[in-house]
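In the numbering used here, the protein residues as written are 1324 to 1419.
This is the structure:
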């Protein structure tokens, strides 16, 4: 597990999230990391507004349930909060 994801896991537990909720959050963040690795040149990319929108569109394109998409979006907002709180830089990305 990469350093930022491990920090996210610890941060969630410190924020009082249950183990089950933390595992769900980590799973969804791993899914967006896979999405990034498949589609962008910069593997160190954490999250950008453009990427966030593209990922949501991808989920919608797979015709997932609205509740599933909303869950993923909300988890990514929480992840972004960690990145902001820890002062990780959010970069602009370019797609291949």
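Glycine included, every Cβ here is placed at the ideal spot set by N, Cα and C.
Of the other Cβ atoms in all chains shown, fewer than 16 fall within 10 Å of the Cβ of residue 1373; this residue is therefore exposed. For the set 1388, 1326, 1375, 1386, the Cα lying nearest the Cα of residue 1396 is the one of 1375. Put simply, of 1328, 1408, 1403, 1329 the residue whose alpha carbon is nearest the alpha carbon of residue 1371 is 1403.
Cβ contact annotation for residue 1379 (same chain, cutoff 7 angstroms, sequence separation greater than five): 1392, 1396, in chain order.
If you draw a straight line from the Cα of residue 1349 to the Cα of residue 1386, it comes to about 22 angstroms.
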